[in-house]
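If you want our numbering, it's the 1-based position in the sequence shown plus 71. C-beta atoms are modelled at their ideal positions from N, C-alpha and C, and glycine is treated no differently.
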Amino acid sequence: MMKLAILSTTVAATAAFAPISSHTASQSALYSTTEEAISTEDIPADIPQPIPAVAAINGWVPDESMKCYGLPGAVAPTGYFDPLGFAQSGITLNEIKRNREAEVMHGRVAMIATVGYFAGEQLPSPFGITGPANDQLQQMPAPAFALLTVAIGAAELKRATIGWVEPDFGDWSKTLWKLRDNYYPGDVGFDPLGLKPEDPKAFADMQTRELQNGRLAMIGWAGMCAQELCNHRTIMGTIDFYNKIYSGVNPYEGCGDGIIC
Numbered sequence: 072m073m074k075l076a077i078l079s080t081t082v083a084a085t086a087a088f089a090p091i092s093s094h095t096a097s098q099s100a101l102y103s104t105t106e107e108a109i110s111t112e113d114i115p116a117d118i119p120q121p122i123p124a125v126a127a128i129n130g131w132v133p134d135e136s137m138k139c140y141g142l143p144g145a146v147a148p149t150g151y152f153d154p155l156g157f158a159q160s161g162i163t164l165n166e167i168k169r170n171r172e173a174e175v176m177h178g179r180v181a182m183i184a185t186v187g188y189f190a191g192e193q194l195p196s197p198f199g200i201t202g203p204a205n206d207q208l209q210q211m212p213a214p215a216f217a218l219l220t221v222a223i224g225a226a227e228l229k230r231a232t233i234g235w236v237e238p239d240f241g242d243w244s245k246t247l248w249k250l251r252d253n254y255y256p257g258d259v260g261f262d263p264l265g266l267k268p269e270d271p272k273a274f275a276d277m278q279t280r281e282l283q284n285g286r287l288a289m290i291g292w293a294g295m296c297a298q299e300l301c302n303h304r305t306i307m308g309t310i311d312f313y314n315k316i317y318s319g320v321n322p323y324e325g326c327g328d329g330i331i332c
């Protein structure tokens with residue numbers, strides 16, 4: 072009995088120095104706390120990967136569940152107004168941003184043009200330009216017209232480098248009409264008066280006001296342009312014309328044959 076006890080003790084002691092089998096080592100490695108990197112190639116494809124967080128741009132985070140991805144611009148009484156479906160479900164975020172970029176920039180140009188129609192027709196011009204605004208561009212001297220063209224081209228190229236992805240001529244379909252992910256439509260960084268708010272809500276309110284004024288200016292400018300194409304009178308000249316009509320005065324009195332007055 073004593074011999075059996077001594078033999079058992081010897082076997083147990085020597086077993087502590089025996090090498091661990093590879094199966095045991097592999098099982099132990101599964102529960103190891105080492106910080107070895109795990110390759111993403113080993114993750115099964117059916118396991119959903121975490122979606123990277125989208126950084127806010129001027130306080131706006133694109134939300135696919137919201138109309139127009141949550142961009143500002145909807146006010147009473149119409150609210151969200153999109154009868155032609157430019158922002159309908161299924162439109163990509165890039166297309167929404169591109170349409171908003173076009174709306175903002177055209178609204179800004181229309182606001183300048185609306186003021187320019189009145190100012191250009193009422194204030195004296197350094198080049199002796201007169202008449203309706205529709206007829207004034209062709210009266211510009213060639214050097215002034217060339218300078219205006221270069222200035223517009225430079226402004227558009229600058230805007231393109233700020234907001235648009237560089238073209239990939241090797242595969243042009245990937246970058247055609249594509250805006251940068253971190254670009255807010257219309258925010259080209261031009262704010263000489265420091266009017267851009269830092270607060271996201273205040274920025275959204277100002278963006279809505281700019282959009283509404285731009286939309287009204289586009290309609291107003293289109294109306295003025297159409298009116299001058301029809302009667303070839305200045306804006307104030309048209310107002311005076313109809314004032315005479317409503318006052319019972321003949322607006323053509325004193326006009327010679329074939330003269331628009």
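Three-state secondary structure (DSSP) of residue i
i, result
"Val146", "strand"
"Ile162", "coil"
"Ile310", "helix"
"Trp243", "helix"
"Ile128", "strand"
"Leu250", "strand"
Spatially closest choice to residue i from the options, by CA coordinates
i, options, result
"Val186", "Ala231, Ile316, Ile310 and Met295", "Met295"
"Arg286", "Gly234, Pro195, Gly260 and Gly144", "Gly144"
"Arg230", "Lys245, Ala173, Glu166 and Ala273", "Ala173"
"Asp153", "Phe240, Thr163, Lys138 and Glu166", "Lys138"
"Gly130", "Glu269, Ala297 and Val175", "Glu269"
"Ile128", "Asn253, Tyr313, Val175 and Asn205", "Asn253"
"Ala147", "Arg280, Phe312 and Glu166", "Arg280"
"Trp292", "Thr220, Phe198 and Asn205", "Asn205"
"Ala190", "Arg179, Gln207, His177 and Gly178", "Gln207"
"Asn284", "Thr220, Asp242 and His177", "His177"
Buried or exposed by the 16-neighbour rule on C-beta atoms within 10 Å, applied to residue i
i, result
"Glu135", "exposed"
"Glu299", "buried"
"Ile316", "exposed"
"Ile290", "exposed"
"Ile223", "exposed"
"Val132", "exposed"
"Ser318", "exposed"
"Val175", "buried"
Integer Cβ distance of residue i from residue j, believed to fall under 8 angstroms
i, j, result
"Ile306", "Glu192", "6 angstroms"
"Ile200", "Met211", "7 angstroms"
"Trp248", "Arg169", "6 angstroms"
"Leu164", "Tyr188", "In fact, because the Cβ distance is near 36 angstroms, the residues do not count as touching under 8 angstroms."
"Ala215", "Phe198", "7 angstroms"
heavy atom of the ligand ADP below 7 angstroms from residue i C-beta
i, result
"Tyr323", "This structure lacks the ligand ADP; in fact it carries no ligand of any kind."
Inter-stretch contact (C-beta, 8 angstroms, three-pair minimum) for the segment 254-265 and the segment 227-236: yes
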